[in-house]
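Have a look at the structure below before the remarks.
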Amino acid sequence: MKYFNIAGPCNSVEHYMINASTRLQGVEQLIDMRQYFVIHAARQSGKTTYLKDLTTRLNADGKYYTLYCTLEGMQGITDPEKGIPEVVRKIQNVLRFSDIPQKAEFAKEANYANFTSVLNMELTLFCMTLDKPLVILFDEADCLSENTLISFLRQLREGYNNRSATTPFVHSVALVGMRNIRDYKAKVRPESQSLGSASPFNIVSKTYTLQNFSRDEIAQLYRQHTDEMGQEFKEDAIALVWEQTQGQPWLVNAIANQVIVEMLQSDYAKPVTAELVKEAIQTIILRRDTHIDSLLERLKEERVRKVIEPIISGNDFYEWLSDDFSYVKDLGLITEIRGRLIPSNPIYGEVIARTLSHGTQQLLLQNPNTHSLPRYLNTGRIDMDCLMRDFQQFWRENSDIWVEKYEYKEAAPHLILMAFLQRVINGGGQLIREMAAGTGRLDLCLIYENLRYPIELKIRHGEKYLENGLAQTAHYMDIHGCTEGWLALFDRRPNIPWEEKIYMEKKPVNGKTVTIVGL
Numbered sequence: 455m456k457y458f459n460i461a462g463p464c465n466s467v468e469h470y471m472i473n474a475s476t477r478l479q480g481v482e483q484l485i486d487m488r489q490y491f492v493i494h495a496a497r498q499s500g501k502t503t504y505l506k507d508l509t510t511r512l513n514a515d516g517k518y519y520t521l522y523c524t525l526e527g528m529q530g531i532t533d534p535e536k537g538i539p540e541v542v543r544k545i546q547n548v549l550r551f552s553d554i555p556q557k558a559e560f561a562k563e564a565n566y567a568n569f570t571s572v573l574n575m576e577l578t579l580f581c582m583t584l585d586k587p588l589v590i591l592f593d594e595a596d597c598l599s600e601n602t603l604i605s606f607l608r609q610l611r612e613g614y615n616n617r618s619a620t621t622p623f624v625h626s627v628a629l630v631g632m633r634n635i636r637d638y639k640a641k642v643r644p645e646s647q648s649l650g651s652a653s654p655f656n657i658v659s660k661t662y663t664l665q666n667f668s669r670d671e672i673a674q675l676y677r678q679h680t681d682e683m684g685q686e687f688k689e690d691a692i693a694l695v696w697e698q699t700q701g702q703p704w705l706v707n708a709i710a711n712q713v714i715v716e717m718l719q720s721d722y723a724k725p726v727t728a729e730l731v732k733e734a735i736q737t738i739i740l741r742r743d744t745h746i747d748s749l750l751e752r753l754k755e756e757r758v759r760k761v762i763e764p765i766i767s768g769n770d771f772y773e774w775l776s777d778d779f780s781y782v783k784d785l786g787l788i789t790e791i792r793g794r795l796i797p798s799n800p801i802y803g804e805v806i807a808r809t810l811s812h813g814t815q816q817l818l819l820q821n822p823n824t825h826s827l828p829r830y831l832n833t834g835r836i837d838m839d840c841l842m843r844d845f846q847q848f849w850r851e852n853s854d855i856w857v858e859k860y861e862y863k864e865a866a867p868h869l870i871l872m873a874f875l876q877r878v879i880n881g882g883g884q885l886i887r888e889m890a891a892g893t894g895r896l897d898l899c900l901i902y903e904n905l906r907y908p909i910e911l912k913i914r915h916g917e918k919y920l921e922n923g924l925a926q927t928a929h930y931m932d933i934h935g936c937t938e939g940w941l942a943l944f945d946r947r948p949n950i951p952w953e954e955k956i957y958m959e960k961k962p963v964n965g966k967t968v969t970i971v972g973l
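Right, here's the structure in full:
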């Protein structure tokens, strides 16, 4: 019986899977053309699964000898005197389990003292003994860094440039990891601007990225389980998985596994519904599995903060060509849609917001005056004015202390308000967060007992801040079909007394009512 895999590479015998070759076209043609190329994609998106499948297919075809070699574990070996011999030994280890003839001869008498040329030399000598071209697929290539990386790339380039009928070298090489080759310079030295005047790997002919699943591929993946076990995935469940994951492969598999194995206890007579998917998503968010936790650890990095903070605050983002932007995008945390920089999927957006506001949430849980919800409830409705007045008081008493505790100081008001509203979620509600850089605001919508409460969060800035804020709130109310909304307006000007900042005022806008909440 197969299952949805959430740990390590997939194989078609044990796991439901989408053939990775359908998500990456043209690679085998490049190999036939003796090209060197790069494949990059976010973690747990199927790179290793694809490479192992490709290795098997190429070896079965018989035209090439193909090696899969992971460079995982090379992190921190920056000295090429130690790093390059380790790369050679990794190739040696992989060859031991291959069917390649003469495998025992590779690097048998390697002179590691010549670490600047030993990789090139041993690959050249080995290729001379083979009756078919050699292809090497280097997985986790971006684990290499600094001078080890430079020497590795230069030796491959030298072998590529000098190869001929009499001096053979590796027929085709793939460098595979999270990073595109143009971004490897960040792995040389943090302050470095380039890999050097002559790039050590300017022989790369093409770069590929492994795309997420499409909606149809999600349906196809789930249909494999239906065909085998008879368990139905409802259409609205598949639609919700697509909406919340945007096809991120690990998330797609994790949701199915959570519903079928953990929630339904492998009772295949029960269909997978949208309600079950919603519950599974919340469990995955709260549980913070290794996949999610490893991504969120990156939020502590300054270069990640520079990109994520404008998305939360709605501030403009200008560094589209920067290494930081490429780095965060390659991590799989962000995406660009129609010129807007947003979290790569709603689940990631949710866990980013919750993680960054976790400290404030804990403070609120410890505060007996803000721990419970009943004072805001009135026959199944939220008394939003009461809720926002309490937040005004909380902000007045705690903002100076809590803003300083945040590494994301520009986004601190946004994160603190979201933490405050988290209690509504804990009480059975839902909070929709619509975050995007360059909008000048943060859109939030509380949902409780099927009623919607749109909230626009804006920092006082510029002459038309109020006019723009009211128009933006009214537009957001239209999206949710509401006639009442709230504009949380933060005044960050120094030396302005709280008596001027804290107020609440209702304004009519196009037949609707917007409550301005001064903060």
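Under our numbering, think of the first position of the sequence shown as 455, with each following residue one higher. Glycine residues also receive a C-beta, built at the ideal position from the N, C-alpha and C atoms.
DSSP assignment within the stretch 734-820 yields the following whole beta strand (DSSP E) runs of 3 residues or more, N-terminal first: 788-791 and 794-797.
Fully contained in the stretch 829-877 are the following alpha helix (DSSP H) runs of length 4 or more, in chain order: 838-859.
In the DSSP assignment, Q479 falls outside any beta strand (DSSP E), carrying neither H nor E. Between N666 and S499, the CB-CB gap stays under 8 Å.
According to the DSSP assignment, Y470 belongs to no beta strand (DSSP E), since it is labelled neither H nor E. The C-beta distance from A734 to I709 rounds to 5 Å, short enough to fall under 8 Å. Fully enclosed alpha helix (DSSP H) runs of no fewer than 4 residues occupy 919-934 of the stretch 872-952, in order along the chain. Counting only the Cα atoms, L898 lies some 5 Å from I909. If you look at F491, you'll find it in the beta strand (DSSP E) that goes Y490 to H494. Y957 has G972 as its beta-bridge partners, per DSSP. Residue state for Y722 is assigned as coil, using DSSP reduced to three classes. If you draw a 10 Å sphere on the C-beta of L875, you find 16 or more other C-beta atoms in it, and that means buried. Taken atom to atom, the span from the alpha-carbon of D593 to that of F569 is near 21 Å. Straight-line measurement puts the Cα of G537 at about 28 Å from the Cα of F779. Shown here for D945: same chain residues with a beta carbon closer than 6 Å to its own, the five before and five after excluded, namely R914 and K955 in chain order.
Three or more beta-carbon pairs separated by less than 8 Å link the stretch 583-600 to the stretch 617-635, which places the two stretches in contact.
DSSP, reduced to helix, strand and coil, places L525 outside both helices and strands of the structure shown, so it counts as coil.
Around W849, the same chain offers L973 as residues with beta carbons nearer than 6 Å, after the five sequence neighbours per side are excluded. For L787 against I762, the beta-carbon gap comes to about 7 Å, under 8 Å, which counts as contact.
Your pair Q529 and C597 checks out as a contact, with CB atoms roughly 5 Å apart and the cut at 8 Å. The C-alpha of P797 lies about 7 Å from the C-alpha of M889. Measuring C-alpha to C-alpha distances from V481 to each of F458, T509 and V695 identifies T509 as the nearest. Contact between the stretch 686-701 and the stretch 737-744 is absent: fewer than 3 CB-CB pairs across the two stretches fall below 8 Å.
Counting the other CB atoms within 10 Å of its CB gives Y772 a total below 16, which places it among the exposed residues. Look at L579 here: in three-state DSSP terms it is helix.
The DSSP-derived three-state label of T570 is coil. When rounded, the separation of the alpha-carbon atoms in G935 and N459 is 40 Å. Cα atoms of A691 and V731: separation of roughly 6 Å, rounded to the nearest angstrom.
Bounds of the alpha helix (DSSP H) holding V542 are P534 to R550. Distance from D670 to N601 at the Cβ level is roughly 46 Å; contact not present, criterion being Cβ atoms closer than 8 Å. Take the alpha-carbon of T661 and the one of G834: they are about 54 Å apart. Selection L577, L607 and S599 evaluated against T621 yields L577 as nearest (Cα-Cα). When secondary structure is reduced to three states using DSSP, T602 falls in the helix class. Short of 7 Å from the beta carbon of K506, and not among the five residues preceding or following it, lie these beta carbons of its own chain, in chain order: P463 and Y522. Shown here for L905: same chain residues with a beta carbon closer than 7 Å to its own, the five before and five after excluded, namely R835 in chain order.
Burial state of K918 is exposed, judged by a 10 Å Cβ sphere holding fewer than 16 other Cβ atoms.
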